[in-house]
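Input: a single structure, listed below in structure tokens.
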Amino acid sequence: MKNFLVLGIISLTIAIGSQNLVYGNPAVPAAPRPFNDITAAQLVSNIRVGWNLGNSLEANDHGAGWMPRNADITQMETGWQNPVTTRANIDAIKNAGFNAIRIPVTWTKAASPAPDYTIRADWIARVVEVVNYAVSNDMYIILNTHHDEESVFGFLNSDAAAGQAAFRRVWQQIADTFKNYDEKLIFEGLNEPRTVGSANEWTGGTSAERRNLNTYYQIFVDTVRASGGNNDKRILMVNTYAAWHTAAAVNELALPRDTTANKLIVSFHLYVPVEFTYNFSHLNSTNRWSNTNRSDTSPITTIIDRFYNRFVRNGVPVIIGEFGSMNKNNTAARAAWTEFVARTAWNRGIKCFIWDNGLIETRVDFEGGEGHGLLNRANNTFPYQEIINALMNGTR
């Protein structure tokens, strides 16, 4: 297979206005690093709490046409108004108490058209550099494909075959690039795999879509395992349909066959009660939440228990890959909600990665924005320290 990786020292100088940023030394290990061959459950037990580098490497135009295919890597990273990610950003996250990070990446925005889907070397180098920020902080890292399912990876019978072929090509390149990293790098096959805009998008999909999703995951596992280096034993993560939590989505997720036992994690996302976590006019939005109100807490405990009973009790570890509540000038309520979710999951052996899309929210496809900003990436401060404190209190 063609080696799409630029090894050694790569220096890409990108002009941003009058400022020049130099991306240097995005090098990968030339040989497999020492690998602690533990089970997925053992690895998850070592995670305390994680943070999402949201609205950065996965920024794209959702087909709107404003991001040209020849966009430079800075345009592709800052398209949703967050600044270029720095080593200092990730240092701040580690120093705040997070020992894990999820790095969402859209790959096909920087890839050639079908059928090759060759990912640009400069984009791969930039992702490697950000991953290395976390490696240098000795963090657990989740690396995924994010939003590619919204434009390339289809789940209907009519488009699944083409999507699966693209998925295989993308993961061949990701797996080849990162094959020599140690066990702290986890691959997540998809983000919120679903048919965007369909009637069943957020209800667990159809039986056909769920079957097609299971096929994607078998391709994912087979592709990674065949790629060499440490990937024959790397821990891999799969999500339910749309990373959602309906009974159908949970019960019909079929874990793929694997040549190495006990190396799979199941993940889902948690934004409930949605009236509190988001701001949709048709849902009677509220900025109030209380851990003494059963109608506020039961949606959370019911969902977490569903995953605990289906997977954790049967030896399959679970991670909440995203959870969070948007800012509605209600920091105290957000902090109480965050601590309750984190502690409820923690007590069942489920670890949490809080969603953070930066302080500035520019996406217009959600009413009222979607501001979850916890880290001010311009100065590496935490404007909602109460939420950080609550998260840490809930994970010990």
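Those letters in the sequence shown? Residues -8 to 387, by our numbering.
Don't be surprised by glycine CBs; every beta carbon is placed ideally from N, CA and C.
Between Trp98 and Phe344, the CB-CB gap reaches or exceeds 8 Å. Around the CB of Pro95, 16 or more other CB atoms lie within 10 Å, so the residue is classed as buried.
Between Gly219 and Lys170, the C-beta spacing is below 8 Å.
When C-alpha distances from His260 are compared across Trp346, Gln33, Arg368, the shortest belongs to Trp346.
Residue state for Tyr131 is assigned as strand, using DSSP reduced to three classes.
Annotation for Glu330: the continuous alpha helix (DSSP H) segment containing it runs 322 to 337.
DSSP places Ile81 inside the alpha helix (DSSP H), whose first and last residues are 78 to 86.
Around the CB of Trp235, 16 or more other CB atoms lie within 10 Å, so the residue is classed as buried. Val229 sits in a strand when the DSSP states are folded into three classes. For Ile345, the secondary structure class from DSSP, reduced to helix, strand or coil, is strand. With a threshold of 16 other beta carbon atoms within 10 Å, His273 falls short and is exposed. Here Ser289 is exposed. Its C-beta has fewer than 16 other C-beta atoms within 10 Å.
Each of Thr322, Ile38, Asp167, Ala156 was checked against the Cα of Gly88, and the nearest Cα belongs to Ile38. Secondary structure of Thr30 (DSSP, three-state): coil.
Between the beta-carbon of Tyr299 and that of Ile256 there is about 14 Å, and that puts the pair past the 8 Å contact cut. Between the C-alpha atoms of Ala152 and His137 there is a straight-line separation of about 19 Å. With respect to the C-alpha of Glu140, the residue from Val118, Arg111, Thr186 having the closest C-alpha is Thr186.
Secondary structure note for Ile379: its alpha helix (DSSP H) is the uninterrupted segment 376 to 384.
Counting the other CB atoms within 10 Å of its CB gives Pro308 a total of 16 or more, which places it among the buried residues. If you check the CB distance, Asn278 and Lys319 come in under 8 Å. The beta carbon of Ile210 sits closer than 8 Å to those of Gln155, Phe158, Arg159, Trp162, all from its chain and outside the five residues before and after it, given in chain order.
In this structure, the beta-carbon distance from Ile378 to Thr322 falls below 8 Å. By the neighbour-count definition (other C-beta atoms within 10 Å, threshold 16), Ser281 is an exposed residue.
Counting every other CB atom within 10 Å of its CB across the protein chains shown gives Asn86 a total below 16, marking it as exposed. Counting only the Cα atoms, Ala190 lies some 42 Å from Asp129. Shown here, Leu244 sits in coil according to DSSP, grouped into three states, outside any helix or strand.
Annotation: the continuous beta strand (DSSP E) that includes Asn43 extends over 41 to 43. Setting aside the 5 residues that flank it on each side, Met383 is surrounded in the same chain by Gly88, each with a C-beta closer than 6 Å to its C-beta; the list follows chain order. In this structure, Leu147 lies away from Phe178, with their beta-carbon atoms at least 8 Å apart. Measuring C-alpha to C-alpha distances from Arg93 to each of Ala112, Thr237, Glu313, Pro374 identifies Glu313 as the nearest. In this structure, His363 places its C-beta atom within 8 Å of the C-beta atom of Gly315. With contacts defined as CB atoms closer than 8 Å, Gly195 and Tyr232 qualify as a contacting pair.
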